[in-house]
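Chains as they are written, first to last, in the working numbering: chain A, 591 to 702; chain B, 7 to 122.
Glycine residues also receive a C-beta, built at the ideal position from the N, C-alpha and C atoms.
See structure below.
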Amino acid sequence: KQEVTQIPAALSVPEGENLVLNCSFTDSAIYNLQWFRQDPGKGLTSLLLIQSSQREQTSGRLNASLDKSSGRSTLYIAASQPGDSATYLCAVTNQAGTALIFGKGTTLSVSS
Amino acid sequence: EAGVAQSPRYKIIEKRQSVAFWCNPISGHATLYWYQQILGQGPKLLIQFQNNGVVDDSQLPKDRFSAERLKGVDSTLKIQPAKLEDSAVYLCASSPIARTGYVGYTFGSGTRLTVV
């Protein structure tokens, strides 16, 4: 059974810092991996998707990497801003068309 | 395009009462998901539909939860009777049919249920 773990559970940083969020999964036979952002009282917004054949994806100040063999992914946020404060969720799918399996998330707080 | 619509946004009920949630997916999206997100945890799949057929309901507590998707469009999720541990946010998501490549998921804002 696939399990997704995210560490740390919470993180507080001052504005401008670069930071790394970690995600690990127990079954390396994934189809793809996604990072989502969740703001309080809101739904989930997809940030980055990495297909199983890819090593990384970048969007603006965000960079996500994937190491399938070790069952790990990292989300790198450069030059953090207070607007980045949210919960970041990592999720994998095991096959095309199947549901996402989520970690518990990392709650990020960026202070100005 | 319009997003995934869910209602109500909030609901407070007493234990042993019943409650229903409604979801309208993005037009043309064949696949619909209901997730349960308990405070401090990630969303957990309850049920996945493709058109009006059930693909996966292995984690749905069938003694109290039921869901339907009539005509392959809107969906309702019902809890009867509710327990205190059902307090959570119920998220609906939709996606096109996945044949190959990336499938985009769109999530609604969720319904926050409090059982007292």
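Need the endpoints of the beta strand (DSSP E) that residue 26 of chain B sits in, please.
By 1-based counting over the second sequence, the position of residue 26 of chain B is 20. Taken as a continuous stretch (DSSP letters only), the beta strand (DSSP E) holding residue 26 of chain B covers 25 to 30.
Could you check which residue in B:40, B:110, B:19, B:115 has the C-alpha nearest to that of residue 66 of chain B?
As a position in the second sequence, residue 66 of chain B is number 60, starting the count at 1. Ranking the options by Cα distance to residue 66 of chain B, first place goes to B:40.
Nearest to residue 22 of chain B (by Cα), restricted to the options B:69, B:113, B:79, B:31
Here the question's residue 22 of chain B lines up with position 16 in the second sequence. Looking at the Cα atoms, B:69 is the closest of the given residues.
From the DSSP secondary-structure annotation, give me the bridge partner or partners of residue 58 of chain B.
Numbered from its first residue, the second sequence carries residue 58 of chain B at position 52. In DSSP, residue 58 of chain B forms no bridge with anything.
Contained alpha helix (DSSP H) runs [length at least 4] in the stretch 596 to 678 of chain A, N- to C-terminal order
none
Would you say the stretch 24 to 38 of chain B touches the stretch 78 to 85 of chain B, given that touching needs at least three Cβ pairs under 8 Å?
yes
Helix, strand or coil at residue 51 of chain B according to DSSP, with G and I counted as helix
By one-based count along the second sequence, residue 51 of chain B stands at place 45. The answer is strand: DSSP assigns residue 51 of chain B an E or B state.
Would you list the one or two residues that DSSP bridges to residue 38 of chain B?
Position 32 of the second sequence, counted from the first residue, corresponds to residue 38 of chain B. According to DSSP, residue 38 of chain B bridges with B:55, B:100.
Can you tell which of B:64, B:93, B:31 has the C-alpha that lies nearest to the C-alpha of residue 9 of chain B?
Residue mapping note: residue 9 of chain B aligns to position 3 of the second sequence, counting from 1. Ranking the options by Cα distance to residue 9 of chain B, first place goes to B:31.
Residue-chain proximity (residue 92 of chain B, chain A), Cβ-Cβ < 8 Å
Within the second sequence, the letter at position 86 stands for residue 92 of chain B. For residue 92 of chain B, the answer is no, since every Cβ of chain A falls outside 8 Å of its Cβ.
Chain A contact residues for residue 63 of chain B, given Cβ-Cβ distances below 7 Å
Taking the second sequence and counting its residues from 1, one reaches residue 63 of chain B at position 57. The contacting residues do not exist; residue 63 of chain B stays about 11 Å from chain A at best.
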